[in-house]
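Heads up: the structure comes next, in structure tokens.
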Amino acid sequence: MDYKPNPELEKLKAEKEKNEKEIEQLDHKITRLENRQKYLEDGERKRRTHRLCTIAGTLESIAPEIKELEITEVMELLEHIFYKEEIQKLVHRMKINHDSRLRRAKEG
Numbered sequence: 006m007d008y009k010p011n012p013e014l015e016k017l018k019a020e021k022e023k024n025e026k027e028i029e030q031l032d033h034k035i036t037r038l039e040n041r042q043k044y045l046e047d048g049e050r051k052r053r054t055h056r057l058c059t060i061a062g063t064l065e066s067i068a069p070e071i072k073e074l075e076i077t078e079v080m081e082l083l084e085h086i087f088y089k090e091e092i093q094k095l096v097h098r099m100k101i102n103h104d105s106r107l108r109r110a111k112e113g
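Note that my numbering has the sequence shown beginning at 6, numbered continuously upward.
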């Protein structure tokens, strides 16, 4: 009696191998995308840290006395300044101008 491979079984084995390879490729793609996301998030965090340090450095250069204040005292000072209606309007106007410049730069 000769053994004859079941064509349906062979077809299923081939399909299984194909699907396993595809799963492996997709797992690799997921890993690459997660690594890319982490890279971009780390870069964003570094840019934010740099920006905050630049702002704090500018603040200290304008008012050197704040170097000796506690963080809570600096926060209290900034809250006092930024709660003034005149300052809020100025910040709002500056933000509008900034957004407008960005829009023009993108268009032109």
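Ideal Cβ positions, reconstructed from N, Cα and C, are used throughout, including at glycine. Since the model is a prediction, treat every value here as computed from it, not as a measurement.
| Asked | Found |
| --- | --- |
| Taking C-beta to C-beta, are Ile92 and Ile86 nearer than 9 angstroms? | yes |
| Indicate the three-state DSSP secondary structure (helix, strand or coil) for Pro12 in the structure shown. | helix |
| Put Tyr88 into one of helix, strand or coil per three-state DSSP. | coil |
| How about Lys72 and Glu78: are their beta carbons less than 9 angstroms apart? | no |
| Which of the three DSSP states is assigned to Asp138 in this structure? | Within the shown structure, residues of the chain are numbered from 6 to 113, placing residue 138 beyond reach of any answer. |
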